[in-house]
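Going by our numbering, the first residue of the sequence shown is number 89, and it counts up by one from there.
Using N, Cα and C, we set each Cβ at its ideal position, and we do this for glycine too.
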Amino acid sequence: MDGGCFSRFQDESKLLKARKMPVRCSVVSAQKLDKSIKVGILGASGYTGVELIRFLANHPYFDISLMTADRKAGQSIGSVFPHLIAQDLPDLIAVKDADFSSVEAEIIKGLPNSVKIVDLSADFRLRDINDYGEWYGQPHKATELQKEAVYGLTEIYRNKIQSARLVANPGCYPTTVCLPLIPLLKANLIALQNIVIVSNSGVSGAGRSAKEANLYTEISEGIFSYGITRHRHVPEIEQELSEAANSRVTISFTPTLMPMSRGMQSTINVQMAPGASVEDLKQHLTGFYEKEEFVTVLPNDSAPHTKYVQGSNRCHINVFPDRIPGRAIIISVIDNLVKGASGQALQNLNLMMGLPENTGLSCMPLFP
Ligand SMILES: NC(=O)C1=CN([C@@H]2O[C@H](COP(=O)(O)OP(=O)(O)OC[C@H]3O[C@@H](n4cnc5c(N)ncnc54)[C@H](OP(=O)(O)O)[C@@H]3O)[C@@H](O)[C@H]2O)C=CC1
Ligand SMILES: CC(=O)N[C@@H](CCC(=O)OP(=O)(O)O)C(=O)O
């Protein structure tokens, strides 16, 4: 690689080995260098990896210099993803084989923060490492790094993300839930308890590796819930909602797998604060996200639809009155692979590199 500053990849490689954690897809980048910022994708042969390639290929400043895989290391990206056959991209290599010999070390000398990491896995999302141990069934293996990680829900933590070296990209379910609920909790418009969430996810949320439960015969023409009461996104959502409310928030959360490739909807039933109305909730959310390109509160009683955000970094939200007095139904949709993963990761990386956060991300949804 020329002109890049990937020396910290070696640390990342050691880190991955030492932690023996399930693989994440990370975007690792070096400091801005002229108009060319070198970016590496660890786990490029997976679903979030290929989605990152789609956005980065059209990015005016980022250049994909390195892509890693595990079983598919050694293959060209065109053989793994035939739709990318004509693209000028590096071959997939194992993390341990990443060649840093020609990195211009002088560029990063004296720049300890020169390499930025956006981690799409869950490893750095939980601020309390005891929670990590409890929900992920193993002790956290990089507690020091965890301390500096910033939770990457961009619209909420933008200021911290700008100066972060390590961003923990949020889970897809937490993104759909936290975007509408954090502003409402901060404004004391909803009760802290009795928040009931049912979320539906496309199958790509489970990744590309083969699993019996994700076979066509198991998934098609049917739906089923999983991880009921114990999905590992519960502590992540509760952490963020509790932070917003400045008090402990407990949720009921049921994820459901839908027979579709991508897309995610969360239906969130909340108790409104005494005196608050659906109009108050909607007005507050509309104002909160008024200037945001990627989060839109829909007008009137339009129902959010996963098709209206597919392939884009957008989140659509709407608020409806429940038939139970005092309660409201909030519906939020995203594309799990974009705002729920790679799009938000790029939004964060843009911020970390001092670029407008929408750079390379303003494409329209793919419809129908
Ligand atoms: N899919 C989604 O909607 C979301 C995913 N995430 C998170 O993002 C991360 C990536 O997810 P996703 O892209 O869906 O996963 P995939 O299963 O589709 O891809 C995994 C990637 O990691 C590589 N890999 C697997 N094992 C190893 C290993 N031991 N060492 C090095 N590389 C390895 C794979 O290589 P190979 O193909 O060669 O095996 C592949 O490139 C995960 O942590 C996931 O939880 C977060 C939010 C949403
Ligand atoms: C449909 C499906 O299986 N979805 C995944 C969530 C995807 C995600 O966000 O996972 P991480 O927290 O690991 O990043 C799941 O429920 O485990």
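Cα-Cα separation, residue i to residue j
i	j	result
G414	A294	36 Å
T156	F169	14 Å
S251	C113	21 Å
P444	T305	44 Å
N357	R246	27 Å
L303	L345	12 Å
S430	G137	7 Å
I165	E380	34 Å
T231	V238	13 Å
G442	K370	32 Å
L269	Q163	43 Å
F150	C260	24 Å
V286	L425	19 Å
E331	K274	9 Å
L373	L272	7 Å
F341	A174	43 Å
I419	Q359	14 Å
L140	T447	13 Å
H147	N218	39 Å
M109	S297	Caution is warranted here: a pLDDT of 41 is assigned to M109, below 50, making its placement in the model unreliable, and the coordinate value is therefore given only provisionally. Near 16 Å, if we compare the C-alpha coordinates of S297 and M109.
Y135	V291	11 Å
A333	L267	14 Å
T460	I283	Because the chain in this structure spans residues 89 to 456, residue 460 falls outside the shown range and cannot be described.
Y220	I339	18 Å
F408	I417	5 Å
Whole-angstrom C-beta distance between residue j and residue i, which should lie under 8 Å
i	j	result
I405	P392	7 Å
V206	N257	6 Å
L280	V366	In fact, because the Cβ distance is near 19 Å, the residues do not count as touching under 8 Å.
L180	A132	6 Å
Q353	N288	5 Å
F143	L434	5 Å
DSSP bridge partner residues for residue i (one or two, in chain order)
i	result
P409	A416
C403	V383
T344	N288 and S313
F150	I125
L180	M155
I339	I283
L130	S114 and T156
V238	V255
T355	V286 and I419
V206	V115 and V255
I278	M360
Ligand 1 heavy atom lying under 8 Å from the CB of residue i
i	result
N424	yes
D158	yes
L208	yes
S133	yes
V168	yes
R415	no
A301	no
V446	Position check: residue 446 holds Asn in this sequence, whereas Val was assumed. No - ligand 1 has no heavy atom lying nearer than 8 Å to the Cβ of N446.
C113	yes
R296	yes
L437	no
V385	no
L180	yes
N257	yes
A429	yes
G128	no
V183	yes
G221	no
A237	no
A174	no
G137	yes
A186	no
A161	yes
Near ligand 3: residue i beta-carbon under 8 Å from a heavy atom
i	result
N406	Inclusion of ligand 3 in the displayed structure is not the case, the ligand content consisting of ligand 1 and ligand 2 alone.
Going along the chain, which residues put their C-beta within less than 5 Å of some heavy atom in ligand 2?
A210, G259, C260, S289, G293 and A294
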